[in-house]
Amino acid sequence: TTGFSRTDDRIIEIALQDLQGGENSTFQTLINPECDVPWNTTKIHGITTDMVRKPSVPRMKELIPILLSYIKSRRKPGGYVMLVAHNG
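Numbering (the working numbering), first residue to last: 3 to 90.
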């Protein structure tokens, strides 16, 4: 995130992995938080404002449909997808 506040800071990276493996089993992207990444949190995770402001980095509102599509693509017929979060 851009910091340690659950209310004031933003997500800047997300990664998902299907533990059953297979083609495209890993998804990872930076996220443009539409604010600066403070230097003190950059020291922790190494992600800078310049990295998240690149034109190819999606904003959260653009990323949500992509995430939902990825999650649906991992579902096996008759099965379900279980999500487990780290720092969620």
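Yeah, the Cβ is synthetic: ideal placement off N, Cα and C, and Gly gets one too. Note that the coordinates shown come from a computational prediction; the quantities given were computed from them, not determined experimentally.
Contact between the stretch 42–49 and the stretch 19–27 is not established, with fewer than three Cβ pairs separated by less than 8 Å. Excluding residues up to 5 positions away in sequence, Ile73, Arg76 and Arg77 lie with their Cβ nearer than 7 Å to the Cβ of Val83 in the same chain. Taking 7 Å as the cut-off, the Cβ atoms of Thr51 and Val39 count as close. CA-CA distance, Met62 to Asn34, rounds to 7 Å. Distances from the alpha-carbon of Ile68 to those of Thr31, Asp10 and Thr4 put Thr31 closest. Leaving aside the five residues that flank His88 on each side, none in its chain has a CB nearer than 6 Å to its CB. For Leu85, the secondary structure class from DSSP, reduced to helix, strand or coil, is coil. Boundaries of the beta strand (DSSP E) harbouring Ile16: Glu15 to Gln19, taken from the DSSP string. Taking the CA atoms as reference points, Thr3 sits about 32 Å from Gly81.
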